[in-house]
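Residue numbers (the numbering used here), protein chains in the order written: chain P, 24 to 253; chain V, 24 to 253.
All residues carry an ideal CB built from backbone N, CA and C; glycine is no exception.
Heads up, the thing below is written out as structure tokens.
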DNA sequence: CAATAGCGTGACATTTACGTGACAGGCTAG
DNA sequence: CTAGCCTGTCACGTAAATGTCACGCTATTG
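Quick look at the structure:
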């Protein structure tokens, strides 16, 4: 439907074919590469909209490739999702440092993969340019990473900002702590669910000066909701 | 506490019992099937929230069952976790293509199983507009976890909300206290049947401000019914 | 009419869920 | 290196929710 092009760099053929099958059916255009040199061939032909990059590759590692991609002017803005084997948790940190936008632990399901891809593409697309969301006098400038109410600037930490960003793009709906961890913190991380409470508290404190803290609502036994209605 | 229902299809009884024990203690409602036909019996009775599906089954394979489940309208959206023996890597690919959402390699620990189940269930809830059910001026917004009547918000506890949600998705039909305990509280819990009465009372009180409490009707000797007709 | 089973309802103890302050570790800038 | 911010986790107190019971009312049965 969208016709986005995705490059997958993965040396294990079964996985590559599975991904190719699943994404092809989802309407994406696929380019496949089994190693680094093939990857560069593909990149020379067309700059994809997203890159799926295996962590373990013959020759140079996926990490190295990620670094090089992030240095090149042409591929700098192409989001990267790393594919890692289970238990390489430390690698995750290095991978994200190298410029990866997300990562998935193998084995993963097509459904999960599609969800991640959708999420990453949504984050990467020019939505950031246009983005000033305004609800009930509260303004969120995504590009400028700024929150204002009645001209007054509201200060908050990065996590609170992401939380508010998610809330303002998904208002009037309840999200459980688990869902918020998925959507705001990123998937498969090992953060306690109660941590969400603390950041909700911090977000409320940050919104308090303008009185918008009342929009962050607790739904007992269900989760939290951002709403202009009482 | 969530009361999600899980169907396990597995011919090896020891594994089935281990899983059943572990998940039962974790608060899930279990349905067990030893083969394909038993699986269909269970599915006819109730559509579960998740299916644990053994790869090797007598008769048709788990793969075949997965395919059929993904074709049926009712069970299309139910996530499936495949249970495979070690080293069936290719099967895994095929299984995921067939629509499985995840897979676990035997032997697995109850802890790992629970983690996977939790993860899959968390992702299963779709992003799209969860429907708003409206009966006779009473509106139930499932996604927003809200009940309104004529723009006025009606407050109630979590259990009352689940009860009303069940009633509004199954109106015009009488349910016994036992059935309500099964469907709203979840199976295998040890709650007195008379407790249902109390929550019916609380639900009626919550609906009273708009006069919709009359829709919760007592059928003497049989149970309760939610109906717009008097 | 009396006896009885079924149901409504207020009260209460316990459990659960949530808000909140405090704190240690990590990261960054100076 | 140090100071300061951000983050995740914990512990504790409080408010809400839950399950159970007892009592009384009501419909049903004989």
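Check whether residue i and residue j have beta carbons under 8 angstroms apart
i	j	result
residue 29 (chain V)	residue 72 (chain V)	yes
residue 159 (chain V)	residue 238 (chain V)	yes
residue 32 (chain V)	residue 100 (chain V)	no
residue 59 (chain V)	residue 88 (chain V)	yes
residue 245 (chain P)	residue 197 (chain P)	yes
residue 123 (chain V)	residue 104 (chain V)	yes
residue 172 (chain P)	residue 186 (chain P)	no
residue 136 (chain V)	residue 221 (chain V)	no
residue 191 (chain P)	residue 156 (chain P)	yes
residue 51 (chain P)	residue 36 (chain P)	no
residue 49 (chain V)	residue 79 (chain V)	no
Local conformation of residue i per DSSP, three classes
i	result
residue 91 (chain V)	helix
residue 242 (chain P)	strand
residue 114 (chain P)	Only weak support is given to the placement of residue 114 (chain P): the predicted model assigns it a pLDDT of 49, under 50, and the value that follows is read from those uncertain coordinates. If DSSP states are grouped into helix, strand and coil, residue 114 (chain P) belongs with the helices.
residue 213 (chain V)	coil
residue 55 (chain V)	strand
residue 172 (chain V)	strand
residue 224 (chain V)	helix
residue 205 (chain P)	helix
residue 236 (chain P)	helix
residue 158 (chain P)	strand
residue 196 (chain P)	coil
residue 150 (chain P)	Any answer about residue 150 (chain P) is weak, because its pLDDT of 43 lies below 50 and its placement is not dependable; what the coordinates show is given next. Helix.
residue 179 (chain P)	coil
residue 249 (chain V)	strand
residue 38 (chain P)	helix
residue 219 (chain P)	helix
residue 76 (chain P)	strand
residue 66 (chain V)	helix
residue 4 (chain V)	Any property of residue 4 (chain V) remains undetermined from this structure, which presents chain V solely from 24 to 253.
residue 165 (chain V)	coil
Nonlocal neighbours in the same chain, by C-beta distance under 6 angstroms from residue i, ignoring five residues either side
i	result
residue 219 (chain P)	200 and 203
residue 133 (chain P)	45
residue 113 (chain P)	Below a pLDDT of 50, predicted positions are generally treated as unreliable, and residue 113 (chain P), at 47, falls in that range; no measurement from the model is reported.
residue 206 (chain V)	189
residue 236 (chain V)	227 and 230
residue 225 (chain P)	183
Beta-carbon neighbours of residue i, restricted to chain P and to distances below 8 angstroms
i	result
residue 123 (chain V)	132
residue 71 (chain V)	Within 8 angstroms Cβ-Cβ: nothing; residue 71 (chain V) doesn't reach chain P, min ~17 angstroms.
residue 181 (chain V)	243, 244 and 245
Under 8 angstroms from the C-beta of residue i: neighbouring residues of chain V
i	result
residue 207 (chain P)	Near residue 207 (chain P) there are no residues of chain V at all, since even the closest Cβ is about 13 angstroms away, more than 8 angstroms.
residue 248 (chain P)	167 and 168
Where residue i meets chain V, residues with beta-carbon distance less than 7 angstroms
i	result
residue 254 (chain P)	Only positions 24 to 253 of chain P appear in the structure, and residue 254 (chain P) is not among them; the question remains open.
residue 196 (chain P)	166 and 167
residue 39 (chain P)	What residue 39 (chain P) touches in chain V: nothing, since even the nearest Cβ is about 10 angstroms away.
Within chain P, partners of residue i - CB distance below 9 angstroms
i	result
residue 193 (chain V)	Under the 9 angstroms cutoff, chain P gives no residues; its nearest Cβ is about 21 angstroms from residue 193 (chain V).
Close beta carbons around residue i, own chain, < 7 angstroms, minus the five adjacent residues each side
i	result
residue 65 (chain P)	30, 54 and 56
residue 208 (chain P)	214
residue 241 (chain V)	247
residue 39 (chain P)	31, 33 and 55
residue 188 (chain V)	163 and 165
residue 150 (chain P)	Its pLDDT being 43, under 50, residue 150 (chain P) is placed unreliably by the model, and the measurement read from it follows with that caveat. Excluding sequence neighbours, residue 150 (chain P) sits near nothing in its chain.
Integer-rounded CB distance, given that residue j should sit under 8 angstroms from residue i
i	j	result
residue 106 (chain V)	residue 129 (chain V)	6 angstroms
residue 194 (chain P)	residue 249 (chain P)	5 angstroms
Close Cβ partners of residue i (< 8 angstroms) along its chain, the five nearest in sequence each way excluded
i	result
residue 233 (chain V)	160, 161, 172, 173, 175 and 177
residue 168 (chain P)	184
residue 216 (chain P)	200, 201 and 204
Heavy atom of the ligand SAH within 7 angstroms of residue i beta-carbon
i	result
residue 200 (chain V)	The ligand SAH is not part of the structure shown, which contains no ligands of any sort.
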